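Engineer: Under my numbering, residues 947 to 1376 are what the first sequence spells out, in order. Idealized CB from N, CA, C, for every residue including glycine. This one's a predicted model, so the numbers in the text were calculated from it and none came from an experiment. Got a structure for you, questions after.
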Amino acid sequence: MKFGKTHYISEITPELQGREVVVAGWVYRKRDLGSVQFLVLRDSTGILQMVAKEGECNEETLQAAKRAGIESSLRAKGIVRQDPRAPGGVELVLKELEVVGPSEDFPIKGKEGPEFLLDHRHLYLRSRRLQAILKIRAEAIKAMHEWFYKNGFIETEAPTIIEQVVEGGATLFELNYFGKKVYLTQSSQLYLEAFITAFEKVYTIQPSFRAEKSRTWRHLTEFWHAEAEMAWADLNDMMDVVEALVKYVAEKVVERRSEELEYLKRRFEPPDGRFPRISYDEALEMAQRKGSKLSWGEDLDTPSERMISLEFETPFFVHRYPRQSRAFYHMPDPKRPEVLLCADLLAPEGKGEIVGGGQRIHDYNLLLERIKEFGLDPSRYTWYLDLRKYGTVPHSGFGLGVERTVAWIAGIRHIKDAIGFPRTPTRTIP
RNA sequence: GGCGGGGUAGCUCAGUAGGUAGAGCGUCCGGCUGUUAACCGGAAGGUCAUGGGUUCGAAUCCCAUCCCCGCCGCCA
């Protein structure tokens, strides 16, 4: 694996003074002074200044350094030298330099706009900014797997190609499947509800697709969805799980990726204490006090959500939304049938909804009634209804938006940057 | 689906009483033995999104079309 390398760049420290090492990477910056060449080399661990100077190296090495353009890949042998003038206080005095993959006129120079950078995403990935965000993303996903594993959840997979609709038809991408109309899944929830009768607690982290022309900072047409479902669990159990999971993820990212957060200039403290749990009624009241014209029964709109979220330091739940405002499978509150046993987790700082979930209807007749109430065709939900016919149990679950969570933790403006190759209504390349 | 903004050099943009286009950065050439987004000198580079119209003359005014961006709705 080392390909002749002796060190990663992060391992080149002043203590190695005088040692001969071989490093490999890409040219990050370059300063050409004629008979002195400065190359700043980047690898996956950091950056290192390298010097080729007449008198300190042979002519061949000096010429190779001169030839190496920005982002060309190279392997370099040299002597480690402490020097206060070098970034990080250490540099490499070049002895041999091999340009492995030349690069001429790298398109990204540093002043490009967002559109250009998205068009060149395959090249922009190597930027330190995107590297930092994507390392945070990887850490967040790893932490989710850890938390689920430690808490007895079984990882399952739901199909991407599906036949029946989940919540309503308009937002599904249609696919031609040997002449039959099928769709890309927009949630694994219904399948997880089947898995719980085997495993009780299950989760999956996989993409969901939404065919909505939503052009906002918090929407993608293809996003990674962390979903969990639990048998024998009510709304409060679900909120407990979400709270523990989100806290764990935040803690692990801060613990393991503080350098990256710092690079992004993100001052982020993992949330402390219990997440506040306010009802829709209370949330509506807060919004109305701040000037919202919403009346009871209407879903909270984005401006209201933002106003409310600025009142909180940590993520917080809003639970028990009006019956009309949510999907058919949500369980009505037995004590108050006009609201549902559902809850959203909203991030502070106006960062919007991160999690949506709730208790599901486990009664066959009630579910059938609700499907009809929503004008859906019960024949398309036979297997889903079946789950209520054979040993049904009270159960709850939720879906967490991976990119939204990363955007909140990393403090980035647009969730496009929380995934390597974002998909939006107008972008499918690269 | 609704509302708003925008397409001028490789990039980021400037350019209205209409007179066949500019800057910074980048690129190329030259110089420089300690640079930190190096610096200095020189050069190249544009069917002003597309089509049509008004006009002696259109990047600029009018009409149409295409594309992009942001906000709202929808949601994770």
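(1) Name, in chain order, the residues that DSSP records as bridge partners for ALA1229.
(2) Using only CA atoms, which one of PHE1155, ALA1157, ALA1104 and GLN1132 lies nearest to ILE1142?
(3) For VAL967, tell me which candidate among PRO960, HIS953 and GLY980 has the shortest Cα-Cα distance.
(4) Per DSSP, what kind of secondary structure is LYS996 in: helix, strand or coil?
(5) Helix, strand or coil, according to DSSP, for ALA1273 in the structure here?
(6) In the DSSP assignment, what residue or residues form a beta bridge with ALA1022?
(7) Whole alpha helix (DSSP H) runs in the segment 1252-1334 with 4 or more residues, listed along the chain?
(8) Per the DSSP calculation, LEU1130 is bridged to which residue(s)?
(9) Under the DSSP definition of a beta bridge, which residues are partnered with PRO1153?
(10) When you measure from the CB of ARG1072 to every non-hydrogen atom of the ligand GTP, does any distance come out below 7 Å?
(11) Would DSSP call GLY1347 helix, strand or coil?
(12) From what residue to what residue does the beta strand (DSSP E) around PHE1094 run?
(13) Taking PRO1371 and ARG1161 to be in contact with their CB atoms under 8 Å, please state how far apart those CB atoms are, rounded to whole angstroms.
(14) Measure the beta-carbon distance from ASP1290 to GLU1284 and round it to whole angstroms, keeping in mind my assumption that it falls under 8 Å.
(15) Answer yes if the segment 1316-1336 comes into contact with the segment 1153-1170, meaning at least three C-beta pairs across the two stretches below 8 Å, and no otherwise.
(16) Taking the C-alpha atoms as reference points, what is the distance between LYS999 and VAL982?
(17) Using 8 Å as the threshold, is the segment 1145-1161 in touch with the segment 1233-1241, meaning 3 or more CB pairs across them?
(18) Provide the residue(s) that pair with ILE1224 in DSSP beta bridges, ordered along the chain.
(19) Using DSSP with H/G/I as helix, E/B as strand and the rest coil, what is SER956?
(20) Does the Cβ of HIS1068 have 16 or more other Cβ atoms within 10 Å, making it buried, or fewer, making it exposed?
(21) Enumerate in chain order the residues of its own chain whose CB-to-CB distance from PHE1094 is below 6 Å, with the five nearest sequence positions on each side excluded.
(22) Taking only the alpha-carbon atoms, compute the straight-line gap between THR1106 and GLY1035 and give it to the nearest angstrom.
(23) Can you tell me whether DSSP reads ASP1245 as helix, strand or coil?
(24) Return helix, strand or coil for LYS900, following the three-state DSSP convention.
Structural biologist: Let me spell this out:
(1) The partner list for ALA1229 (beta bridge, DSSP) is empty, contrary to what the question assumes.
(2) Comparing Cα-Cα distances from ILE1142 to each of PHE1155, ALA1157, ALA1104 and GLN1132, the minimum goes to ALA1104.
(3) Minimum Cα distance to VAL967 is reached at HIS953.
(4) The sequence as given places Met at residue 996; Lys does not occur at that position. Strand.
(5) DSSP places ALA1273 in coil when its eight states are reduced to three.
(6) Per DSSP, VAL969 and LEU1043.
(7) Listed in chain order, they are 1310-1319 and 1328-1332.
(8) For LEU1130, which the question treats as bridged, DSSP gives the partners ILE1107.
(9) Secondary-structure assignment with DSSP links PRO1153 through a beta bridge to TRP1170.
(10) Summarising the ligand content, the structure contains no ligands, and the ligand GTP is consequently not present.
(11) DSSP places GLY1347 in strand when its eight states are reduced to three.
(12) Unbroken run through PHE1094 is the alpha helix (DSSP H), 1074-1096; no beta strand (DSSP E).
(13) Sure, about 6 Å apart at Cβ, within 8 Å.
(14) Not quite, the Cβ-Cβ distance comes to about 18 Å (not below 8 Å), so this is no contact.
(15) The answer is no - the segment 1316-1336 does not touch the segment 1153-1170, with fewer than three Cβ pairs under 8 Å.
(16) Separation of LYS999 and VAL982 (C-alpha to C-alpha, rounded to the nearest whole angstrom) is 4 Å.
(17) Verdict: no, contact absent.
(18) Beta-bridge pairing links ILE1224 to VAL1264.
(19) Helix at SER956.
(20) HIS1068 should be labelled exposed.
(21) Within the same chain, Cβ atoms closer than 6 Å to the Cβ of PHE1094 are found at TYR1149, the five residues on either side in sequence being excluded.
(22) So the two alpha carbons sit approximately 51 Å from each other.
(23) DSSP, read as helix, strand or coil, puts ASP1245 in coil.
(24) Any question about residue 900 goes unanswered here, given that the chain covers just 947 to 1376.
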